Amino acid sequence: MRRRFGIVLIIFSLFIALGGIVTLEEDFAASVFGIFVISLPIYAVGQIVRTNVRKAKENGFRWLWAYIYVVVLVPALLLSFEGYEDLKEQTFSNSHFVLFETIASDNIGGLSIGFILVLLLLFAFPFYETTRRIKSVIAIAAVVVTGIYAGYQYMMWADYRGVHEVDGLVTHHWNGKEQIVPFDDIIEIVVQPYVKHAAISDPTDETYFAWRLIFITEYDEQITYRLWLDDGSLAKGNRMEELAHTKNIPFYVLPMNEKQRDEFDFQLQLKELDKQPYYLFFEVEEKNDR
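In terms of numbering that gives the first Met the number 0, the sequence shown is residues 0 to 289.
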């Protein structure tokens, strides 16, 4: 009975911590208070009730680290990635960018997730059954990788690409190299709907409808941006169409095939989106009207 009550206290403390994590951006002070002043003591009491004082003294550091790992480190690393991306987009997209992507260098642009996974593995060192010396080496490696990750994020701040209302298609790499394709060099813009089918080998994968915005230059170069079936992407598409007409650039929407149209209608209904603006942009009609 005592063990079960201790487990209930631990679960209850984690729910409080989860509430603090969810509301962190809305009320930082209250969230930190809930996590460290309310949740953490309840968690500690739950561990003592679940076992006893002697085991708590023996395993106290490991239990405390388990709490910090789950409640602090994992959310902090994930929020550092998401917050960094949001801040970067807000900083640059306000400068008259119709479309904006936070990464321009494909070869090194996707390392953030890799750094996060490595750090999650390294920060789990107190749970490893190994010697104290090896744990010390892992702890030092975690600090070093954290520093490298911070430096990488700083370096990649200047790496982005987007469609600027005045300048055209801008690509700026982390090393300072910049490429600008002015609107005068674009001969047409094409909207290409497509369906990404779920991989049979991956049960977590999903089938979804999306679309590409393809800029074709007079040098037969194609620059592609991928967008989704949501109101934000639709607003960007409509603004891009208005800009194309202003710049006298032909704007075409490729027709959907039957499977694409079925997935398009299904996703509109699933996401409870207003159909008419999407029908207008993708130049389709109600099936019943055909």
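Don't be surprised by glycine CBs; every beta carbon is placed ideally from N, CA and C.
Source: prediction; values computed, not measured.
*From residue 173 to residue 89, what does the alpha carbon distance come to, in whole angstroms?*
What you label residue 173 is simply residue 174 of the sequence shown in a count that begins at 1. What you label residue 89 is simply residue 90 of the sequence shown in a count that begins at 1. One C-alpha to the other measures close to 18 angstroms.
*Who are the near neighbours of residue 101 in its chain, counting only those whose CB is closer than 7 angstroms to its CB and skipping five residues on each side?*
Position 102 of the sequence shown, counted from the first residue, corresponds to residue 101. Correct list, in chain order: 84, 87, 88 and 159.
*Output the distance between the C-alpha atoms of residue 285 and residue 278, rounded to the nearest integer angstrom.*
As a working mapping, residue 285 is identified with position 286 in the sequence shown. As a working mapping, residue 278 is identified with position 279 in the sequence shown. Approximately 8 angstroms, taken between the alpha carbons.
*For the alpha helix (DSSP H) that residue 244 lies in, which residues bound it at each end?*
Looking up residue 244 in the sequence shown gives position 245. Here the alpha helix (DSSP H) through residue 244 covers 230-245.
_Proximity to residue 45 [Cα-Cα], best of 0, 196 and 82_ = Sequence index remark: in the sequence shown, residue 45 carries index 46 (1-based). Taking only the C-alpha atoms, the option nearest residue 45 is 0.
*For residue 90, which beta-bridge partners are listed by DSSP?*
Taking the sequence shown and counting its residues from 1, one reaches residue 90 at position 91. Answer is none; residue 90 lacks a bridge partner.
*asked:* Within a Cβ cutoff of 6 angstroms, which residues of the same chain sit near residue 77, ignoring the five residues on either side of it in sequence?
replied: Taking the first residue of the sequence shown as position 1, residue 77 is located at position 78. So the list is empty, once near-sequence residues are dropped.
*asked:* Helix, strand or coil for residue 331? Go by DSSP, reduced to three states.
replied: Since the first residue shown for the chain is 0 and the last is 289, residue 331 is missing from the structure and cannot be characterised.
_residue 13 - containing alpha helix (DSSP H), residue span_ = Taking the first residue of the sequence shown as position 1, residue 13 is located at position 14. Note, residue 13: alpha helix (DSSP H), 1-21.
*asked:* Measuring straight from C-alpha to C-alpha, what distance separates residue 129 and residue 119?
replied: Locating residue 129 in the sequence shown gives position 130, counting from the first residue. Locating residue 119 in the sequence shown gives position 120, counting from the first residue. Straight-line Cα distance between these residues: approximately 18 angstroms.
*Could you have a look at residue 173 and say whether DSSP puts it in helix, strand or coil?*
In the sequence shown, residue 173 corresponds to position 174, counting from 1. Residue 173 falls in the coil class under three-state DSSP.
_Same chain, Cβ closer than 7 angstroms to residue 274, neighbours up to 5 away in sequence not counted_ = For the purposes of this step, residue 274 is taken as residue 275 along the sequence shown, with counting starting at 1. The residues are 267.
*Can you tell me where the alpha helix (DSSP H) with residue 280 in it begins and where it stops?*
Here residue 280 refers to the residue found at position 281 when the sequence shown is read from its first residue. Taken as a continuous stretch (DSSP letters only), the alpha helix (DSSP H) holding residue 280 covers 274-281.
*Identify whether residue 156 lies in helix, strand or coil by the three-state DSSP scheme.*
For the purposes of this step, residue 156 is taken as residue 157 along the sequence shown, with counting starting at 1. In the structure shown, residue 156 sits in coil (DSSP, three-state: anything other than H, G, I, E or B).
*asked:* Once DSSP output is grouped into helix, strand and coil, what is the label at residue 209?
replied: As a first step, residue 209 must be located in the sequence shown, where it is residue number 210. It is a strand residue.
*residue 222: which of 228, 211, 230 and 231 sits nearest, CA to CA?*
Within the sequence shown, residue 222 is the residue found at index 223, counting from 1. Comparing Cα positions, the closest option is 211.
*Span of the alpha helix (DSSP H), counted from its first residue to its last, around residue 39*: As a working mapping, residue 39 is identified with position 40 in the sequence shown. Per DSSP, residue 39 belongs to the alpha helix (DSSP H) from 39-49.
*Is residue 288 helix, strand or coil when you go by DSSP?*
Reading the sequence shown from its first residue, position 289 is the one you call residue 288. Because residue 288 carries a pLDDT of 48, less than 50, the predicted location of this residue cannot be relied on, and no value is offered for it.
*Note down the Cα distance separating residue 241 from residue 235, rounded to an integer number of angstroms.*
Taking the first residue of the sequence shown as position 1, residue 241 is located at position 242. Taking the first residue of the sequence shown as position 1, residue 235 is located at position 236. Cα to Cα, residue 241 sits roughly 10 angstroms from residue 235.
*Return the residue from the list 264, 112 and 106 that minimises the CA-CA distance to residue 256.*
Along the sequence shown, one-based indexing puts residue 256 at 257. Considering only alpha carbons, the answer is 264.
*asked:* Measuring only the C-alpha atoms, how far is residue 251 from residue 95?
replied: By 1-based counting over the sequence shown, the position of residue 251 is 252. By 1-based counting over the sequence shown, the position of residue 95 is 96. The straight-line gap from Cα to Cα measures roughly 23 angstroms.
_Residue interval of the alpha helix (DSSP H) (run including residue 60)_ = Working through the sequence shown from its first residue, we reach residue 60 at position 61. Counting along the chain, the alpha helix (DSSP H) containing residue 60 begins and ends at 52-66.
*For residue 190, which of helix, strand or coil comes out of DSSP?*
One-based indexing of the sequence shown puts residue 190 at position 191. Note: residue 190 maps to strand in three-state DSSP.
*When the Cα atoms are used, what is the spatial distance from residue 289 to residue 218?*
Position 290 of the sequence shown holds residue 289. Position 219 of the sequence shown holds residue 218. Because residue 289 carries a pLDDT of 45, less than 50, the predicted location of this residue cannot be relied on, and no value is offered for it.
*Between the segment 41-56 and the segment 3-17, do at least 3 Cβ pairs fall closer than 8 angstroms?*
yes
*What are the start and end residues of the beta strand (DSSP E) that includes residue 98?*
On the sequence shown, residue 98 is found 99 positions in, with the first residue counted as 1. Its beta strand (DSSP E) spans residues 96-100.
*Would you be able to state if there are at least three C-beta pairs under 8 angstroms between the segment 169-183 and the segment 146-159?*
yes
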